[in-house]
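So the protein sequences, as listed, match chains A and B. Going by the numbering used here, the first sequence runs without a break in its numbering and finishes at 141. Going by the numbering used here, the second sequence runs without a break in its numbering and finishes at 1141. Below: one structure, written as structure tokens.
There are 2 protein chains.
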Amino acid sequence: MRDSPKDIFKAMGVRMTPQRLEILRILEKCNEHPAAEDVYEKIRERFPSISFDTVYRTLSLFESHGLIKKVHHLAEKTRYDTNMRHHHHFVCVRCKKIIDFTWEGIDKIPAPEKVKEWGKVEDRYVELRGICQDCLKKTGV
Amino acid sequence: MRDSPKDIFKAMGVRMTPQRLEILRILEKCNEHPAAEDVYEKIRERFPSISFDTVYRTLSLFESHGLIKKVHHLAEKTRYDTNMRHHHHFVCVRCKKIIDFTWEGIDKIPAPEKVKEWGKVEDRYVELRGICQDCLKKTGV
DNA sequence: AAGTATATAAGAATTATTCCAATTTCATTC
DNA sequence: GAATGAAATTGGAATAATTCTTATATACTT
């Protein structure tokens, strides 16, 4: 049983506006992984004068309340990797520190059959996300 | 046995300039995952008048020759995920399509001890990268 | 229904990155 | 070793994604 939009907005403690409602509907219907621009193009069908800002603000709002999330952390700036051997990353979600590691155990497990049907898998990347020791020390959490 | 800078640039078929040489040294020395700005700040110690453009151009050059790589594909625009359950992604490196999947087999394997020492791991994300069926059809490769 | 805090629209501002044109420099030839 | 021409650098303008600002409009409480 899914919450009604009214309850969702009530729980967030914000007003339910037509724009927000429509963005919510678009997102609920969407099985892809839209960029802000995709949402903007879609909602303009009904709200031709909506501003980009409203879309961005609403996406941030939804994200801060755990309704959606960004596909990647670290998206603000491009980061470069100087290690060209196959490896994975530990990423600190606070300070964005990245540490390389290898993990043969996980490289060997065959990919799920369904995924193989979606296309040709060429690479496997694992990201372990958490809080690094430095950041743990800083806040004690 | 590592190639000399001279050989590296020769292999790339480009001129060896002091700026490029210094950026190469900075990257070789660097165990972090620098953003362009980090490289810029570092090289300005020796080349105070270097332009951002040179840094970006050189990083692209190195990337196109396989000396370094970007930490993430998909970094151009923020993409949103409307599926808040734990899952992983198949990503088409051509069209950037993203498909969700779950993979219990891989979720259960304990993380390497060394990683646990680096911090508190809170989430595990796997990205299978390849070419989706649509893109395979288009080019026949 | 009125009042008020909150949300929106439009465009300016910001940030990361790329483009452009003028100048400089590398590396090859003489 | 100097001249030369192609390639590289600089500095600033341009672009693209995202955020901020301010005046106006609107949802929700009373």
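Don't be surprised by glycine CBs; every beta carbon is placed ideally from N, CA and C. Quick caveat: nothing in here was measured; it's all calculated off a predicted structure.
Practice prompt. Could you tell me whether any Cβ in chain B is nearer than 7 Å to the Cβ of residue 104 of chain A?
Written response: Answer no: the Cβ-Cβ gap between residue 104 of chain A and chain B never drops below 7 Å.
Fill in: With 16 other Cβ atoms within 10 Å as the buried cut-off, status of residue 1112 of chain B
Sixteen is the threshold: when 16 or more other Cβ atoms of the shown chains lie within 10 Å of the Cβ of residue 1112 of chain B, as they do, the residue is buried.
Worksheet item: Assuming residue 66 of chain A and residue 93 of chain A make a contact with CB atoms under 8 Å, what is their CB distance in whole Å?
Response: Contact between residue 66 of chain A and residue 93 of chain A is ruled out by a C-beta separation of about 15 Å, above the 8 Å threshold.
Discussion item. Within 7 Å of any Cβ in chain A, is that where the Cβ of residue 1019 of chain B sits?
Written reply: Chain A, which has no Cβ nearer than 7 Å to the Cβ of residue 1019 of chain B, makes this no.
Worksheet item: Which residues bound the beta strand (DSSP E) around residue 122 of chain A?
Response: It spans 119 to 132 - the beta strand (DSSP E) in which residue 122 of chain A sits, taken as one unbroken run.
Fill in: Residues that residue 52 of chain A contacts on chain B, provided the C-beta gap is smaller than 8 Å
Scanning chain B for C-beta atoms nearer than 8 Å to the C-beta of residue 52 of chain A yields nothing, as the closest lies near 13 Å away.
Worksheet item: At a CB-CB cut-off below 7 Å, which residues of chain B make contact with residue 137 of chain A?
Response: Correct list: empty, because the minimum Cβ distance to chain B is about 10 Å.
Discussion item. Could you compute how far the alpha carbon of residue 1056 of chain B sits from the alpha carbon of residue 1036 of chain B?
Written reply: The alpha-carbon of residue 1056 of chain B is positioned some 7 Å away from that of residue 1036 of chain B.
Worksheet item: Rounded to a whole number of angstroms, what is the C-alpha to C-alpha distance between residue 1101 of chain B and residue 1043 of chain B?
Response: Whole-angstrom Cα-Cα distance: 43 Å.
Worksheet item: What residues in its chain sit with their C-beta under 8 Å from that of residue 1073 of chain B, if we drop five residues either side in the sequence?
Response: Around residue 1073 of chain B, the same chain offers 1091, 1093, 1096, 1129 as residues with beta carbons nearer than 8 Å, after the five sequence neighbours per side are excluded.
Practice prompt. Closer than 8 Å, Cβ to Cβ, to anything on chain B: give me those residues from the segment 69 to 103 of chain A, in chain order.
Written response: Those would be 69, 70, 71, 72, 74, 75, 77, 78, 79, 80, 81, 82, 84, 89, 90, 92, 93, 97, 98, 99, 101, 103, in chain order.
Discussion item. Classify residue 14 of chain A: buried if its beta carbon has 16 or more other beta carbons within 10 angstroms, exposed otherwise.
Written reply: Under this definition residue 14 of chain A is an exposed residue.
Fill in: Residue nearest to residue 138 of chain A in terms of C-alpha spacing, selected from B/1135, B/1119, B/1126, B/1138
Scanning B/1135, B/1119, B/1126, B/1138 for the CA closest to the CA of residue 138 of chain A turns up B/1119.
Discussion item. Tell me the residue span of the alpha helix (DSSP H) that contains residue 39 of chain A.
Written reply: Counting along the chain, the alpha helix (DSSP H) containing residue 39 of chain A begins and ends at 36 to 43.
Worksheet item: Are the beta-carbon atoms belonging to residue 45 of chain A and residue 89 of chain A less than 7 Å from one another?
Response: Against a cut-off of 7 Å, the Cβ pair of residue 89 of chain A and residue 45 of chain A comes out as no contact.
Discussion item. Would residue 1043 of chain B pass as an interface residue toward chain A - the criterion being a Cβ-Cβ separation below 7 Å?
Written reply: Contact with chain A is absent for residue 1043 of chain B, since none of that chain's Cβ atoms lies less than 7 Å from the residue's Cβ.
Practice prompt. Just list the beta strand (DSSP E) runs in the segment 38 to 116 of chain A, keeping only unbroken ones of 3 residues or longer that don't cross its boundaries, in chain order.
Written response: The segment 38 to 116 of chain A contains these whole beta strand (DSSP E) runs: 88 to 92, 98 to 101.
Item to complete: Alpha carbon to alpha carbon, how far is residue 1068 of chain B from residue 83 of chain A? Give it in angstroms, no decimals.
Response: C-alpha separation (whole angstroms): 7 Å.
Worksheet entry | Partners in chain B for residue 66 of chain A, counting only beta-carbon separations shorter than 9 Å | In chain order: 1084.
Discussion item. Taking 7 Å as the threshold (beta carbon to beta carbon), is residue 126 of chain A in contact with chain B?
Written reply: The beta carbon of residue 126 of chain A sits closer than 7 Å to some beta carbon of chain B.
Worksheet entry | Chain-ordered neighbours of residue 1114 of chain B on chain A, where CB pairs are closer than 8 Å | Near residue 1114 of chain B (Cβ distances below 8 Å), the residues of chain A are 101.
Fill in: Chain-ordered chain B contacts of residue 5 of chain A [CB-CB under 8 Å]
Simply none; closest approach about 15 Å.
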